[in-house]
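Undergrad: Mapping of the sequence shown onto the numbering used here: position 225 corresponds to residue 686, and the numbering continues sequentially without gaps.
Where a beta carbon is used, it is the ideal one built from N, C-alpha and C, also for glycine.
After the structure tokens below, expect a handful of questions from me.
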Amino acid sequence: MMVTFGGGSENFGGKMVKMKGGDVSVMITEWKDIPVELLMKILSLLDDQMVIIASHVCHGWRDAISFGLSRLSLSWCSKNMNNLVLSLAPKFTKLQTLILRQDKPQLEDNAVEAVANFCRDLQILDLSKSFKLTDSSLYAVALGCRDLTKLNISGCSAFSDNALAYLASLCRKLKILNLCGCVKAVSDTALQAIGHYCNELQSLNLGWCEQVSDVGVMSLAYGCPDLRTLDLCGCLLITDDSVIALADRCPHLRSLGLYFCKNITDRAMYSLAQSKVNNKMWGSVNGGNEEDGLRTLNISQCTSLTPSAVQAVCDSSPALHTCSGRHSLIISGCLNLTSVHCACCVRPHSAISPFPHSAH
């Protein structure tokens, strides 16, 4: 059988095989003799399901894949994912990324516990829509996977805030955390723990976590100064105080979701606008650029906002757009804001002062 690799031909019938560059020759007589580098190159062209099948070809392949495989997704598995994870976790101990996203809930605590016990190098873990999981899974992940930088547990509605706070206390390298729909886990207590321990956090999704109040968000603002993306959509209890804290304490904030946050008023908008102006003034001394400021702002259904306040935010952040095809300032459901336009559009109201009121 002939295989082309790195510009050379390999004959698996017992002839010489020249590796990339032509400076290495080996004799291959059986499948198990394929060099690890060549095997991993071949496997990189296969989907995850085929990689698992390949791991059963022989002991040599199993060992090579176990040692060399760093990323695996089992989202394609529609049946028996739990048993599959239980069988694979002891083999693939060098995984750094594991995607276990499900359309139908299959995972149970014993599978996640196996992952936490054997895959201690994990940096990225996706358990989204795992409705069957309990706090036992979160405690296991906290203990076994302390190098996590990205965790997605969106839709895991059974987790408690105590378990989430415990995870935050141990997984302190987290940079991306998706908690959308974790209605029991996301409380002010849990957010205070995240703000205290996860100081490198850059992206956080708290969508539809209705227990969140200003106390929790302000803890995040003060504890996570590198926060860049924050989704608070559906967090009905938050007020202007949350946005003001974020504007004051998170200078790198680029995306903010406030959909359906009915208590947000002009005071919050002027705070965002003023903070971006201040950042630009400081950035002009320190090499800042015109892309500084918000790039996405969702204020849909925030019906208390007025055009002048939202226009001030738009003027202070040139990357916010209302023009066709580039909507990054999302104002659906706010008919009173139709007069707000970005720099790409003609502004009949350009003479209006951007800061007619104080944010504080």
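1) For Val746, does the count of other Cβ atoms within 10 angstroms reach 16, so buried, or fall short, so exposed?
2) Within the continuous alpha helix (DSSP H) that includes Asp702, where are the two ends?
3) Does the beta-carbon of Asp494 have 16 or more other beta-carbons within 10 angstroms, so that it is buried, or is it exposed?
4) So, Leu638 versus Ala646, is the Cβ gap smaller than 8 Å?
5) Tell me, to the nearest whole angstrom, how far the beta carbon of Val774 is from that of Leu755; I am working on the premise that it is less than 8 Å.
6) What do you get for Leu796, buried or exposed, if any count of 16 or more other CB atoms within 10 angstroms of its CB means buried?
7) Here's a check: name, in chain order, each residue in its chain whose Cβ is nearer than 7 Å to the Cβ of Ala708, leaving out the five neighbours to either side.
8) Just to confirm the assignment, what range does the beta strand (DSSP E) spanning Ser534 have?
9) Give the single residue among Ser618, Ile760, Val546 and Cys803 whose Cα lies nearest to the Cα of Ala780.
10) Excluding five sequence neighbours on each side, which residues of the same chain lie with their C-beta closer than 8 Å to the C-beta of Met550?
11) With respect to the beta strand (DSSP E) encompassing Thr554, which residues constitute its N-terminal and C-terminal limits?
12) Quick one: what's Leu790 bridged to in DSSP?
13) Considering Cα atoms alone, identify which of Ser615, Gln584 and Leu594 is closest to Cys632.
14) Under the three-state reduction of DSSP, which class applies to Gly529: helix, strand or coil?
15) Would you mind listing the beta strand (DSSP E) stretches within the region 582 to 635 that are 3+ residues and don't spill past its ends, in chain order?
16) Going by DSSP, what residue range makes up the beta strand (DSSP E) through Asn639?
17) Can you tell me whether DSSP reads Ala804 as helix, strand or coil?
18) Cα separation between Ala525 and Leu635?
19) Looking at C-alpha atoms only, which residue of Ala629, Ala654 and Phe592 is the closest neighbour of Gly605?
20) From which residue to which residue does the beta strand (DSSP E) around Ser716 run?
21) For Ile655, which of helix, strand or coil comes out of DSSP?
22) If we cut at 8 Å on Cβ distances, does Ser630 have a partner in chain B?
23) Going by DSSP, name the residue or residues bridged to Ile827.
TA: The structure says:
1) In this predicted model, Val746 has a pLDDT of only 42, less than 50, meaning its place in the structure is not dependable enough to derive any value.
2) Asp701 to Arg710
3) exposed
4) no
5) 7 Å
6) exposed
7) Ser732, Leu733 and Ser736
8) Arg532 to Ser534
9) Cys803
10) Contrary to the premise, residue 550 reads as Ala rather than Met in this sequence. Excluding sequence neighbours, Ala550 sits near Ala572, Ala575, Val576, Asn578, Phe579 and Cys580.
11) That residue, Thr554, is in no beta strand (DSSP E); it is neither H nor E in DSSP.
12) Leu758
13) Gln584
14) helix
15) 585 to 587 and 611 to 613
16) Ile637 to Asn639
17) coil
18) 30 Å
19) Ala629
20) Ser716 to Gly718
21) helix
22) In the structure shown, chain B cannot be found, because there is only a single protein chain.
23) Since the first residue shown for the chain is 462 and the last is 821, residue 827 is missing from the structure and cannot be characterised.
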